[in-house]
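Taking it in order: structure first as structure tokens, then the write-up.
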Amino acid sequence: QTDTFGKSGDIILSVGDGSCGAGGDLTLSAGDFVGFNAATPGLETNSGGKVTISSGSSNRNSATTVAGSSGEVTISSGAAGLTDGTTAANSGKISVASGTAETGASGAIEVHVGDGL
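Using my numbering, the letters of the sequence shown correspond one by one to residues 2 to 118.
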């Protein structure tokens with residue numbers, strides 16, 4: 002829903018801290034295609050669901066003279082070890098991978114940078 006004046010609402014997904022063992026996990030995933038029915042040609046495809054993460058735009062469809070930056074997308078792993086340096090630990094890794102194709106081409110990994118106009 003669009004707010005015509007002021008900030009729109011936030012969505013926050015978080016998992017609580019753990020006092021023993023690992024902290025909680027957060028998994029975002031789309032559904033698998035497991036059906037036996039063929040898709041309607043030209044209207045849909047048989048495929049797994051899509052996960053999209055994107056930031057908000059700024060005045061994308063507006064004729065106003067007020068401009069701002071678009072939002073950020075940040076992906077990071079957490080820090081590890083004690084802050085006083087007495088205990089060493091590895092921080093988490095960040096993995097980006099495309100799926101394996103049984104037949105045909107596997108998925109691609111693309112990184113795009115926007116144009117500065």
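Glycine included, C-beta positions come from ideal geometry on N, C-alpha and C.
A quick note: this is a predicted structure, and the numbers were derived from the prediction, not measured.
For the options I12, S58, G19, A80, the alpha carbon positioned closest to that of K94 is the one of A80.
T101 and A109 have their alpha carbons spaced roughly 10 angstroms apart. Annotation: E103 to I12 spans about 37 angstroms, alpha carbon to alpha carbon. In this structure, G32 sits near G50, with a CB-CB distance shorter than 9 angstroms.
In this structure, the straight-line span from the alpha carbon of L27 to that of V52 is close to 14 angstroms. The Cβ atoms of G22 and V16 do not sit closer than 9 angstroms to each other.
In this structure, S107 and S96 do not form a Cβ contact; the two beta carbons are roughly 15 angstroms apart against a cut-off of 8 angstroms. Residue N91 holds the alpha-carbon nearest to the alpha-carbon of G82 among I76, N91, V74. Contact annotation, S59 with S71: C-beta distance approximately 5 angstroms; criterion of less than 8 angstroms satisfied. Within its own chain, the residues whose Cβ lies closer than 7 angstroms to the Cβ of S48, once the five positions on either side in sequence are excluded, are F34, listed in chain order.
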